[in-house]
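Novice: The following block contains the structure, expressed as structure tokens.
Protein chains in written order, with our numbering: chain E, 1 to 262; chain V, 1001 to 1608.
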């Protein structure tokens, strides 16, 4: 459903994403893990059509995103990490705007908007301007907007930012249902290990713009150098050259450099 | 405390220094073009002012008093402008800035925060009025052949006026925020300011100031002098500044009245103390109050009903964007309130033509009326260009950070731009055609000339609007906090230059056929082979130019938006194209990775 072939994104001499290839079939939840600055958001924005790759091909449902953007984007739902919305529209107006943008028809759009506002517990706020919403409410509204056109592909950047535990649980259940029941391909970027572990069927770890490892959680555990290591150990192993720095400037193992020499 | 104060000013200072070091993509070209444009504007303002001052001074018997009154009025209006500008800036700076929670949470004295903000507010509210008034004051010195003391005392006289205006506004802001919520205060004050400006503009024009330089139009000397009355008070700093500098324009050092300079600085000092007391007792209290919401605002009502008219738009995506833009425009007071200025502009425009009495010159009346009706196309073009710059140009940037919604949707960039264009073209076209038609009627133009003016306006306006939307797409500023500032940037400058040149070309190409027509109509010439060949050719050229103006900017805008990079806020040009090797580093998440050759802000030491 989602296919990236040799995708590269360069900013002059710096490669934000380098020769990235991966595929997410229908009905799968794919977790895209990586530290800050690894290229997760750049990749997500390229898949969402908000950013053009320097080279390589992105196919959504078989449609080449650069050649047939309209067809590719019409089956896509995108949830960015920051809830930027039209502050002077109400929640209801935003969803109707989305329905028109995705050409799903006014009657169906209104029915779906009502359903989603109920689902995300925003029905009572439907006529309030978005500028009055809290961060979490805006995030939920964005999710409602992304689900409104019944997408076959869902691309999500840091899904739990700004959500309370109840909201987070609701969102996880929705993603699972969409993948299992409706066969939606869900591509999630996160750096939260526990979320990836609980939600994703497969996980890709990106480091310095390139895919460092890929597989199910079990497969990744087996790849980990540390015996009996968990996902977090593998993540740290793959994404850093040395151990973690600690407060005071020393390494976790050795303490402050030179401290023992005195 | 002083150290804290300097530290708190560091972000603004460093941002400015960093901008000078690395002005961004195409920054050097932009900076040079802006500098050239500003210098040209200053020169024009200086020369125009010298001319005006000389013409005022040459009015026999009244020249001196007229010049004095103008000089005094300049100080009063400058100070009024400063008070208004400082009020709006202080409100944002003290209560609404995004970084305030961070500063308030820091272990710094709140009075340091206040004084740092006060300094920033003084600078940002005064630099523009001061820089535009400076050439006028210099022109006074030049026209009157003032001595060096006049120039030397300009800054020491102007600075306390600037400071007094700022401290007065700051004190008012602190007091008002304790009574009204900050968010509402800004709305109320900016609306009042706008209405006041529109009203003042209309009153000023309807008073027919051009009669001041024509004393013959007054029946008596007393009537003339009465018409020159301007509000002056011996207690106002602007009067002190006027009375300090006016005698020095004559070049005599003996006329230097030190007391006025002392008064000016004493007033600035006194207002600083008042402002400081107000801040000490009320700033923190007001800041807490300003954090309360402005109250919940609900959607619905009349606006939804009127938005129903967009059902006529068949394309659902374009309709969706149009309905959204319509609602946002009328819910944002900073946007809809500009319609009052537009109304005032239209009334004054039509009034100017209604008071023209060309029948006074019976022999030339026909030529004058019809030539003016034709030249009016250029003036209406300028109005359309202004409206396009004010409304169509920032319409793309108006999407703000929410642009991702359009970008990730199936809507094509072309449809998005066309939707924006059609949304703004309809009202701008309506204004342009109304002005053209009514002006032709006021001028009593020949039907053929009125029809030509109407047709030319019909041809020109879409091109100017397309230029606005196209260049607005080429130079988008999605990160702007204030949409009104978008047209004042580099893209706006390019728009002004391109639209003026296009207008000149179209008027230039149409001028010869129009003159020929008028001569033939008066029997002064015959329609010959030359006219038969040249008139269709020129008409075709005008059509081609109008077509180019319609097509080219839209294409350029679409191509630019398609490669717009949200992470860097720049155009994602091919690798060979950037201005400098460092220019295309991303600023977002991916950019956090240490890229080679990335310039280090502030030039501090690198991480070991």
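Each residue gets a CB set at the ideal place from its N, CA and C atoms; glycine is no exception.
Because the structure is a prediction, the values reported are computed rather than measured.
So for residue 1049 (chain V), helix, strand or coil by DSSP?
Specialist: Correct three-state label for residue 1049 (chain V): helix.
Novice: Nearest CA to the CA of residue 1282 (chain V): which residue from V:1318, V:1483 and V:1179?
Specialist: Nearest C-alpha to residue 1282 (chain V): V:1179.
Novice: Quick one: is residue 1401 (chain V) near chain E, going by C-beta distance under 8 Å?
Specialist: Yes, residue 1401 (chain V) lies at the interface with chain E (some Cβ there is under 8 Å from its Cβ).
Novice: Counting Cβ pairs closer than 8 Å, one from the stretch 15-29 of chain E and one from the stretch 172-185 of chain E, do we hit at least three?
Specialist: Flag = yes, the stretch 15-29 of chain E and the stretch 172-185 of chain E touch.
Novice: Please classify residue 1170 (chain V): is it buried, with 16 or more other beta-carbons within 10 angstroms of its beta-carbon, or exposed?
Specialist: The residue is buried, with at least 16 neighbouring Cβ atoms inside 10 Å.
Novice: Which residues of the stretch 1324-1357 of chain V have a Cβ closer than 8 Å to any Cβ of chain E? Give them in chain order.
Specialist: Those would be 1324, 1327, 1328, 1331 and 1332, in chain order.
Novice: Per the DSSP calculation, residue 187 (chain E) is bridged to which residue(s)?
Specialist: In the DSSP output, where bridge partners are listed per residue, residue 187 (chain E) has E:30 and E:155.
Novice: With DSSP run on the structure shown, which of helix, strand or coil describes residue 1013 (chain V)?
Specialist: Three-state result, residue 1013 (chain V): helix.
Novice: Would you call residue 1001 (chain V) buried or exposed, if buried means 16 or more other Cβ atoms sit within 10 Å of its Cβ?
Specialist: Exposed.
Novice: Measure the C-alpha to C-alpha separation of residue 1378 (chain V) and residue 1503 (chain V) and round it to an integer number of angstroms.
Specialist: Taking the straight line joining both Cα atoms gives about 6 Å.
Novice: With a threshold of 8 Å between beta carbons, is residue 1553 (chain V) in contact with chain E?
Specialist: Chain E, which has no Cβ nearer than 8 Å to the Cβ of residue 1553 (chain V), makes this no.
Novice: Tell me which same chain residues have a C-beta within less than 7 Å of the C-beta of residue 78 (chain E), skipping the five on either side of it?
Specialist: Only 48, 146 and 155 meet the Cβ criterion.
Novice: What is the DSSP secondary structure of residue 1399 (chain V), counted as helix, strand or coil?
Specialist: Helix at residue 1399 (chain V).
Novice: At the 8 Å Cβ level, is residue 211 (chain E) part of the contact set with chain V, yes or no?
Specialist: No, residue 211 (chain E) does not count as interfacial toward chain V.
Novice: Any beta carbon from chain V within less than 8 Å of residue 234 (chain E)'s own beta carbon?
Specialist: By this cut-off, residue 234 (chain E) is not an interface position.
Novice: Which residues of chain E have a Cβ atom closer than 9 Å to the Cβ of residue 1563 (chain V), listed in chain order?
Specialist: Within chain E, the residues near residue 1563 (chain V) are 52.
Novice: From the beta carbon of residue 26 (chain E), is the nearest beta carbon of chain V less than 8 Å away?
Specialist: No - not a single Cβ of chain V is within 8 Å of the one on residue 26 (chain E).
Novice: Quick check on residue 1576 (chain V) - is its C-beta less than 8 Å from some C-beta in chain E?
Specialist: Its pLDDT being 41, under 50, residue 1576 (chain V) is placed unreliably by the model, and the measurement read from it follows with that caveat. No, because no Cβ of chain E sits closer than 8 Å to the Cβ of residue 1576 (chain V).
Novice: Is the shortest distance between the beta-carbon of residue 190 (chain E) and the beta-carbons of chain V less than 8 Å?
Specialist: Not closer than 8 Å to any Cβ of chain V, the Cβ of residue 190 (chain E) fails to qualify, so no.
Novice: With respect to the alpha helix (DSSP H) encompassing residue 55 (chain E), which residues constitute its N-terminal and C-terminal limits?
Specialist: Element bounds for residue 55 (chain E): not the alpha helix (DSSP H) but the beta strand (DSSP E), 55-60.
Novice: Within a Cβ cutoff of 7 Å, which residues of the same chain sit near residue 1541 (chain V), ignoring the five residues on either side of it in sequence?
Specialist: Hits under 7 Å: 1509.
Novice: Under the criterion of a Cβ to heavy atom distance below 7 Å, does residue 1092 (chain V) qualify as lining the ligand MG?
Specialist: Looking at this structure, you won't find the ligand MG or any other ligand, since it has none at all.
Novice: Give the straight-line distance between the Cα atoms of residue 1036 (chain V) and residue 1355 (chain V), rounded to the nearest whole angstrom.
Specialist: Their Cα atoms are separated by approximately 38 Å.
Novice: Would you say residue 95 (chain E) faces chain V, with C-beta separation under 8 Å as the test?
Specialist: No, because no Cβ of chain V sits closer than 8 Å to the Cβ of residue 95 (chain E).
Novice: Anything in chain E within Cβ reach of residue 1097 (chain V), meaning under 7 Å, just list it in chain order.
Specialist: Under the 7 Å cutoff, chain E gives no residues; its nearest Cβ is about 17 Å from residue 1097 (chain V).
Novice: Using the Cβ count rule (16 or more neighbours within 10 Å means buried), how would you classify residue 175 (chain E)?
Specialist: Buried.
Novice: Could you please tell me which residues of the stretch 1101-1132 of chain V, in chain order, have their CB closer than 9 Å to any CB of chain E?
Specialist: Flagged: no residues at all.
Novice: When you compare the CB of residue 1559 (chain V) with every CB in chain E, is at least one pair closer than 8 Å?
Specialist: Residue 1559 (chain V) does not count as touching chain E.
Novice: At what residue ranges does the stretch 45-127 of chain E contain a whole run of the alpha helix (DSSP H), taking only runs of 4 or more?
Specialist: Within the stretch 45-127 of chain E, the complete alpha helix (DSSP H) runs of at least 4 residues are 69-73, 91-101 and 106-119.
Novice: So what does DSSP say about residue 1430 (chain V), is it helix, strand or coil?
Specialist: Correct three-state label for residue 1430 (chain V): helix.
Novice: Can you name, in chain order, every residue of its own chain whose Cβ lies under 6 Å from the Cβ of residue 1420 (chain V), other than the five neighbours on each side?
Specialist: If we look at residue 1420 (chain V) and ignore the five residues flanking it on each side, its Cβ neighbours are 1395 and 1469.
Novice: Return helix, strand or coil for residue 1577 (chain V), following the three-state DSSP convention.
Specialist: For residue 1577 (chain V), the predicted structure reports a pLDDT of 38, less than 50, and the residue's modelled location is therefore unreliable. The matter cannot be settled from this model.
Novice: Quick check: the Cα distance between residue 1106 (chain V) and residue 1003 (chain V), rounded to an integer number of angstroms?
Specialist: About 14 Å.
Novice: So, does the CB of residue 1410 (chain V) fall closer than 8 Å to a CB anywhere in chain E?
Specialist: At least one chain E Cβ lies under 8 Å of residue 1410 (chain V).
Novice: Beta-carbon of residue 1476 (chain V) versus every beta-carbon of chain E: anything under 8 Å?
Specialist: Answer no: the Cβ-Cβ gap between residue 1476 (chain V) and chain E never drops below 8 Å.
Novice: Can you tell me whether residue 1015 (chain V) is buried or exposed? The criterion is at least 16 other CB atoms within 10 Å of its CB, across all chains shown.
Specialist: With fewer than 16 other Cβ atoms within 10 Å, it is exposed.
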